[in-house]
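Right, one structure below, let's go through it.
Numbering (this note's numbering), first residue to last: 1098 to 1388.
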């Protein structure tokens, strides 16, 4: 059984006419008849019966095979079309340590409704590497803190939400159960990841804690994951936001403070068209979340 046999059978069955099938397939009529006869021989059934010299009808077996082969041909065409189209991949960067499961699947689903070729590939990176990835065109767009991204003036940025700030600590922290307000964190080290803009980040957090009448004692560690590990083990506390994935750890605690931090999408001015679709989807999802 081969594709040509099935093609001749389907065409003859659609028009119930071998001559018309031969014309549509640009084949001699005897060739169409031979293909169908050989298919009948392989299947062991008659597919057509002649009611007159020109009129043919499908047998019950012919109708069954017509439905089967037509479904198969349709599915095969859809599969070939899907595999022949190159996916449109968006390379996304996301701030390391952020939980994205509340919104990213919705954004991707929105994009795929508008463009079935859309796919996303993303990396979780520290703040400064997000900017570097955009600059070097390894990333098409990034989600990060607006204040940080604004330091790179060659990027377009758009704020789409704000996050509540929180002080992250652990049940392993000495006397954690005595903490009632932000000023009670005064005796503990505030842990911060080493970063090119560390001075800016320290100044920003000092502004926050001035209203609580103390200046934090900072301890710098190599990266965010190390900071999280230290906090988890009760070796200090850290200023975080509500997207910090470690907040969901069963031994972690947090205290909200009356501060928010803006989050933005950033992209290069020569970014691919997929960025505009992603931006539209992101804004739509967050506008719905506010309702």
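Quick reminder that beta carbons are idealized off the backbone N, C-alpha and C, glycines included.
The structure presented is a predicted model; accordingly, all values stated were derived computationally and were not measured.
Identity of the residue in the options nearest residue i by Cα
i	options	result
residue 1135	1101, 1212, 1157 and 1277	1101
residue 1357	1344, 1336 and 1126	1336
residue 1382	1203, 1114 and 1123	1203
residue 1343	1109, 1200, 1324 and 1173	1324
residue 1285	1239, 1244, 1334 and 1257	1334
residue 1365	1267, 1130 and 1190	1190
residue 1162	1222, 1141, 1147 and 1263	1141
residue 1267	1209, 1352 and 1232	1352
residue 1246	1355, 1326 and 1192	1192
Beta-carbon proximity of residue i to residue j, cut-off 8 Å
i	j	result
residue 1368	residue 1281	no
residue 1106	residue 1144	yes
residue 1215	residue 1243	no
residue 1305	residue 1261	no
residue 1139	residue 1122	no
As assigned by DSSP and simplified to three states, the class of residue i
i	result
residue 1324	helix
residue 1169	helix
residue 1311	coil
residue 1190	strand
residue 1368	coil
residue 1375	helix
residue 1099	coil
residue 1142	coil
residue 1116	helix
residue 1286	strand
residue 1388	At residue 1388 the pLDDT is 42, less than 50, meaning the model places this residue with poor confidence and gives no usable figure here.
residue 1087	No statement about residue 1087 is possible, as the shown extent of the chain runs from 1098 to 1388 and does not include it.
residue 1164	helix
CB contact check: residue i to chain E, cutoff 8 Å
i	result
residue 1101	Within the model displayed, chain E is absent; a lone protein chain is all it includes.
Whole-angstrom C-beta distance between residue j and residue i, which should lie under 8 Å
i	j	result
residue 1316	residue 1294	Contact doesn't hold; Cβ gap of about 17 Å is too wide.
residue 1241	residue 1363	7 Å
residue 1321	residue 1290	5 Å
residue 1378	residue 1207	4 Å
**Request:** Pair every Cβ in the stretch 1217-1233 with every Cβ in the stretch 1301-1311, then say whether three or more of these pairs are closer than 8 Å.
**Result:** no
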